[in-house]
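At position 25 of the sequence shown the residue is numbered 25 (UniProt numbering), and the sequence of numbers has no breaks.
No residue lacks a Cβ here, since even glycine has one placed at the ideal position from N, Cα and C.
Quick notes on the structure that follows.
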Amino acid sequence: MGGATLAHGLGTESILGNPAAIALFKMYRIELHGAWDTSDKDAFAGVSLMDAKTSAVAAGLDYHILSLRNGAGRATAHFTTLALALPLSSGLMIGSSLHYLRLKGGFDPLKVNDTSVDAGLLVRLGGSYTLGFSAHNLVGTDNPLLSRYYSAHLGFFTGLLTLGADVRADFETEEKNIFTYSGGAEYLVGQAIPLRLGYSYDTFRRTSQLGVGFGFMTQEGGGIDFAYRHDFGKGEGRGRLLSLSIRMQVG
């Protein structure tokens with residue numbers, strides 16, 4: 001959905017996005033992820049666990065391993081996140097997450113060993129709307145790989161249709177402020193086949209991403225998802241990312 005999922009709380013992406021959203025729905029969820037960039041030859045794989053069912057405090061754990069190409073060769077990164085969220089009421093949730101990044105590799109060995117902290121707030125407006133705000137990489141590092149940014153996001157749920165919008169603001173990485181706008185939609189066909197479309201635009205780099213996806217979903221909420229993302233305006237090449245997600249949910 002073009003990255004516009006931070007206000008939804010429907011999947012484990014909340015662990016890496018707005019941590020408050022993991023408390024939105026009372027469920028236990030496990031997801032496996034994998035992706036391959038056919039242009040840059042980057043790849044990642046990950047596993048995520050989220051439990052908002054067994055206690056008042058929701059918790060999530062995410063681990064990703066990434067193989068990345070850079071100017072010094074190829075580097076391997078391990079990115080681990082622990083998130084906690086607390087519902088203050090049925091319509092107000094707060095959360096925080098701790099990230100740990102370990103990266104090394106390349107011909108000129110690049111080494112990163114850093115931690116950072118995120119914080120988020122999510123408000124449920126009636127039965128159909130959610131509004132959230134999150135601040136990322138607030139504490140612990142000056143590493144450009146963990147630069148500070150902020151996000152405001154809106155989610156809308158109505159029957160078989162889900163909509164999302166997100167604005168990301170980075171006031172520190174460059175001399176000029178960077179805003180990234182994202183929007184996306186999901187429509188559930190026959191109660192079992194989600195169809196997704198998303199788009200994002202980076203105002204500083206003047207690049208955009210278009211993503212499409214579909215999947216198969218069980219009545220319990222588990223299933224499998226396939227997605228394709230195409231990058232536009234990326235110098236000589238065009239990023240083309242293929243991804244696969246497998247999930248199990250206990251509602």
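In this structure the stretch 149-161 does not lie against the stretch 42-59, because fewer than three pairs of beta carbons, one per stretch, are closer than 8 Å. With a 10 Å radius around the Cβ and a threshold of 16 neighbouring Cβ atoms, threonine 12 comes out buried.
By the C-beta density criterion, serine 89 is exposed, having fewer than 16 other C-beta atoms within 10 angstroms. Residue pairing from DSSP places valine 112 in a beta bridge opposite Leu103. In the structure shown, serine 55 adopts coil according to DSSP, grouped into three states.
Scanning Leu122, Lys104, Leu121, Gly120 for the CA closest to the CA of aspartate 114 turns up Lys104. Under the DSSP assignment, serine 14 falls in the alpha helix (DSSP H) whose first and last residues are 13-16. Within a 10 Å sphere around the beta-carbon of aspartate 142 sit fewer than 16 other beta-carbons, which makes this residue exposed.
Within a 10 Å sphere around the beta-carbon of asparagine 18 sit 16 or more other beta-carbons, which makes this residue buried.
Residue environment: proline 144 is assigned as exposed (fewer than 16 neighbouring CB atoms within 10 Å of its CB, all protein chains considered). Judged by beta-carbon spacing, serine 147 lies beyond the 8 Å limit of valine 167, meaning their Cβ atoms are not closer than that value.
Counting every other CB atom within 10 Å of its CB across the protein chains shown gives alanine 52 a total of 16 or more, marking it as buried. Residue burial is scored here from C-beta neighbours: isoleucine 193 has fewer than 16 other C-beta atoms within 10 angstroms and is therefore classed as exposed. Here threonine 130 is buried. Its C-beta has 16 or more other C-beta atoms within 10 Å. Listed in chain order, the beta strand (DSSP E) runs fully inside the stretch 73-102 are 73-89, counting runs of at least 3 residues. Assignment of beta-bridge partners to arginine 247 by DSSP yields Glu31, Gly223.
The C-beta distance from leucine 86 to valine 57 rounds to 6 Å, short enough to fall under 8 Å. In this structure, serine 245 sits near aspartate 225, with a CB-CB distance shorter than 8 Å.
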